[in-house]
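Asker: First the structure, then my questions, so here it is.
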Amino acid sequence: MLPSMFSNIATRLFRRRWWFVLVSIVGLCMLIVSMIYAPGNARLLAGIIVGPLIFLPWALLCTCMWFHPAQGNLQPGSRYIGKLPPMLQSALRWYASLFLIVFVLAGLVICPLILMTMG
């Protein structure tokens, strides 16, 4: 169920994958600049604001690259995963699905909460 949901998302967003890369790079550059030039607690605020700009597009990029039905790296027709037994392929897709859910929760909820408690 989860891998098929991610496949549907990847199908809709695959053509925008390079935008996700661009947004993540811009977010990372903004974070680096704010860490260098921002005073004191403004760094924490920058991390709270910019963190999701890095995590969410990166998670969507991973979704597109791993779960796209025709070009995904975790699909049965892929170069490396396609040679594994079907049970192992399914387990890898489930693991990747759960990883992406945890990654999104960590980037959008947990990291900002931790940064807020530090300030």
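So the sequence shown is numbered by our numbering: it starts at 1288 and just counts up by one. By construction, the Cβ of each residue, glycine as well, lies at the ideal position given by its N, Cα and C atoms. All of these numbers come straight from a predicted model, not from anything done at the bench.
#1: So what does DSSP say about asparagine 1328, is it helix, strand or coil?
#2: If glycine 1359 and alanine 1297 are in contact, beta carbons under 8 Å, what's the gap, nearest whole angstrom?
#3: Pull up the CB-CB distance for leucine 1315 and isoleucine 1335, whole angstroms please, since I reckon it's below 8 Å.
#4: Taking C-beta to C-beta, are leucine 1309 and valine 1337 nearer than 8 Å?
#5: With 16 other CB atoms within 10 Å as the buried threshold, where does alanine 1357 fall?
#6: Using DSSP with H/G/I as helix, E/B as strand and the rest coil, what is glutamine 1358?
#7: Could you name the residues of the same chain whose beta carbon sits closer than 8 Å to that of threonine 1350, not counting the 5 residues immediately before and after it, in chain order?
#8: Within the same chain, show all residues whose beta-carbon is closer than 6 Å to that of phenylalanine 1390, passing over the 5 residues directly before and after it, in chain order.
Answerer: A quick look at the data gives this:
#1: coil
#2: Rounded, the Cβ-Cβ distance is 6 Å, consistent with contact.
#3: The pair is not a contact, with the Cβ atoms about 15 Å apart (cut-off 8 Å).
#4: Going by C-beta atoms, leucine 1309 is not nearer than 8 Å to valine 1337.
#5: exposed
#6: Here glutamine 1358 sits in coil by DSSP.
#7: Phe1293, Ile1296, Ala1297, Leu1300 and Leu1387
#8: Cβ contact annotation for phenylalanine 1390 (same chain, cutoff 6 Å, sequence separation greater than five): Ala1346, in chain order.
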